[in-house]
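>
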Amino acid sequence: MPLYFVAGLFSMAIALFFVNPVKSYTLENILHILGLGIIPTVIGHSILNYSMKHFRGQLVSIINLSQFIFAGIMGYFLLGEVLHLNFYVSGLLVAGGAFIVIWSLKPDK
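Take the sequence shown: its letter number 2 is residue 2 in the UniProt record's numbering, and every next letter is one higher.
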């Protein structure tokens, strides 16, 4: 987690030099930014790094491709987003590819 903290501080320092500095954000905006940084980034990448310790890299990388499927489903239920045909087609391709990889992996002996 120190990597994400340092990257966040660095990004905030750079943001001070642009037209819309951090000090003009409301408390609600700052909480939303922190939420976006903590929930999907820190927790998501930490789970990904943890998975690399316990599963084969091929499996983790294929499953990682399915992030957009979960994001689309959550967007549909939480935000009322409309999912288009290309989402379903690409989701089936990625899920099918993940299924093939998982099914074909031999357990380590």
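All residues carry an ideal CB built from backbone N, CA and C; glycine is no exception. Quantities reported herein were computed from a predicted structural model and do not represent experimental measurements.
1. Curious, which full-length alpha helix (DSSP H) runs of at least 4 residues does the UniProt domain "EamA" (5-102) contain?
2. Near Gln58, which residues of its chain fall below 8 Å by C-beta distance, leaving aside the five closest residues on each side in sequence?
3. For the putative contact between Thr41 and Tyr76, defined by C-beta atoms under 8 Å, what is the C-beta separation to the nearest angstrom?
4. By the three-class DSSP mapping on this structure, what secondary structure does Leu105 have?
5. Cα separation between Gln67 and His32?
6. Looking at Ile69 and Val94, is the spacing between their C-beta atoms short of 9 Å?
7. Measuring CA to CA, which of Ala13, Gly96, Val89 and Ile14 is closest to Ile62?
This is what the structure gives:
1. 27-36, 44-54, 57-64 and 67-79
2. Val101 and Leu105
3. Going by Cβ atoms, the distance from Thr41 to Tyr76 rounds to 22 Å, so no, they are not a contact pair.
4. coil
5. 21 Å
6. yes
7. Gly96
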